[in-house]
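*Asks:* Pasting a structure below so you can have a look.
Residue numbers (this note's numbering): 43 to 273.
Written as structure tokens, this is what we have:
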């Protein structure tokens, strides 16, 4: 005998949730958008170029998808089905936050992998007679993303009146690592004290190369212990 109870429960919960959603949509959208705007810096560092409204819509879509799957799989009562909705919203927010953190780690690592080449390219440009701003333009032309985007952004800031050293400090804030901080400070100190900036940048490139080599060596030596601890 065919029973329509699960389908009726699903339709009832869906209709009730849809009514609540459209009733409180403006309130939810406003608060969620404000929360996203507070995280604009992190989203920018992770390379997300989407508007806050688009991110909120994506979160709503993921929430709806998770909630529908939960209703179809567990077939709860209408009350329980409605209680599952905020849980689905929290899970969707957690998924999105996890994606952002993953993108941030991946993008930062990609930039740091390019930084040694960037410093050597800048050193070569300075030795050939180019100015600092011209070498940054060379980097933005020759390198791939994310280095191209970040240094093009530095140039864009200098074009609107920001000093090149403040723009590099801003770069160090966006791509947070010891290497980018050292680069920004070395260039600022050299501008104040004078000296061969090309030579200093090449020495910094060698330092970064050795640091990364040592980091890889430590990772390989401790891999067995870390796997054992995980098990």
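The beta-carbon is built from N, C-alpha and C at its ideal position, and this holds for glycine as well.
Whose CA, out of 117, 130, 168, 187, lies closest to the CA of residue 89?
*Replies:* Out of 117, 130, 168, 187, 187 has the C-alpha closest to the C-alpha of residue 89.
*Asks:* How is the alpha helix (DSSP H) around residue 261 delimited, first residue to last?
*Replies:* Note, residue 261: alpha helix (DSSP H), 239-272.
*Asks:* Are the CB atoms of residue 240 and residue 169 within a distance shorter than 8 Å?
*Replies:* Yes.
*Asks:* Beta-carbon separation of residue 199 and residue 212 under 8 Å?
*Replies:* Yes, these two residues count as a Cβ contact at 8 Å.
*Asks:* Which word fits residue 273, buried or exposed, when buried means at least 16 other C-beta atoms lie within 10 angstroms of its C-beta?
*Replies:* Under this definition residue 273 is an exposed residue.
*Asks:* Output yes or no for whether 8 Å exceeds the beta carbon distance between residue 156 and residue 189.
*Replies:* Yes. Within cutoff.
*Asks:* Taking just the CA atoms, how far does residue 85 sit from residue 142?
*Replies:* The straight-line gap from Cα to Cα measures roughly 7 Å.
*Asks:* Hey, how far is the Cα of residue 233 from the Cα of residue 258?
*Replies:* Taking the straight line from one Cα to the other gives about 33 Å.
*Asks:* With a cut-off of 8 Å, do at least 3 Cβ pairs link the segment 131-139 to the segment 102-109?
*Replies:* These segments touch.
*Asks:* Report, in whole angstroms, the separation of the C-beta atoms of residue 126 and residue 139, which I expect to be a contact under 8 Å.
*Replies:* Rounded, the Cβ-Cβ distance is 20 Å, inconsistent with contact.
*Asks:* With C-beta atoms as the reference, is residue 180 less than 8 Å away from residue 163?
*Replies:* Their beta carbons are under 8 Å apart, which means residue 180 touches residue 163 by this criterion.
*Asks:* Enumerate, from N- to C-terminal direction, the unbroken alpha helix (DSSP H) stretches of 4 or more residues contained entirely within the segment 158-186.
*Replies:* Runs found: 174-184.
*Asks:* Measure how close the beta-carbons of residue 247 and residue 161 come, nearest whole angstrom, since I'm counting them as under 8 Å.
*Replies:* About 4 Å separates the two Cβ atoms, so the contact holds.
*Asks:* Report the rounded CA-to-CA distance for residue 230 versus residue 207, giving the unit in angstroms.
*Replies:* Those two C-alpha atoms are separated by around 6 Å.
*Asks:* Classify residue 236 as helix, strand or coil using the three-state DSSP reduction.
*Replies:* Three-state DSSP puts residue 236 in coil, outside helix and strand.
*Asks:* Look at residue 204 and residue 178 and say whether their C-beta atoms are less than 8 Å apart.
*Replies:* Their beta carbons are not under 8 Å apart, which means residue 204 does not touch residue 178 by this criterion.
*Asks:* Out of curiosity, what's the CA-to-CA distance linking residue 100 and residue 192?
*Replies:* The alpha-carbon atoms of residue 100 and residue 192 are separated by roughly 26 Å.
*Asks:* Quick check: the Cα distance between residue 201 and residue 228, rounded to an integer number of angstroms?
*Replies:* Distance between the alpha carbons of residue 201 and residue 228 is about 22 Å.
*Asks:* Find the nearest neighbour of residue 149 within the set 82, 87, 221, 220, judged by alpha-carbon distance.
*Replies:* Comparing Cα positions, the closest option is 87.
*Asks:* Please report the residue range of the alpha helix (DSSP H) in which residue 206 lies.
*Replies:* It spans 206-216 - the alpha helix (DSSP H) in which residue 206 sits, taken as one unbroken run.
*Asks:* Can we count residue 244 as close to the ligand SAH, meaning its CB is less than 7 Å from some heavy atom?
*Replies:* Because no ligand of any kind appears in the structure shown, any question about the ligand SAH cannot be addressed here.
*Asks:* With C-beta atoms as the reference, is residue 243 less than 8 Å away from residue 171?
*Replies:* Result no, Cβ atoms of residue 243 and residue 171 do not sit closer than 8 Å.
*Asks:* If you draw a straight line from the alpha carbon of residue 152 to that of residue 159, how long is it in whole angstroms?
*Replies:* Cα to Cα, residue 152 sits roughly 12 Å from residue 159.
*Asks:* Taking C-alpha atoms, which residue in 249, 236, 238 lies nearest to residue 222?
*Replies:* Residue 249 is the option with its Cα nearest to residue 222.
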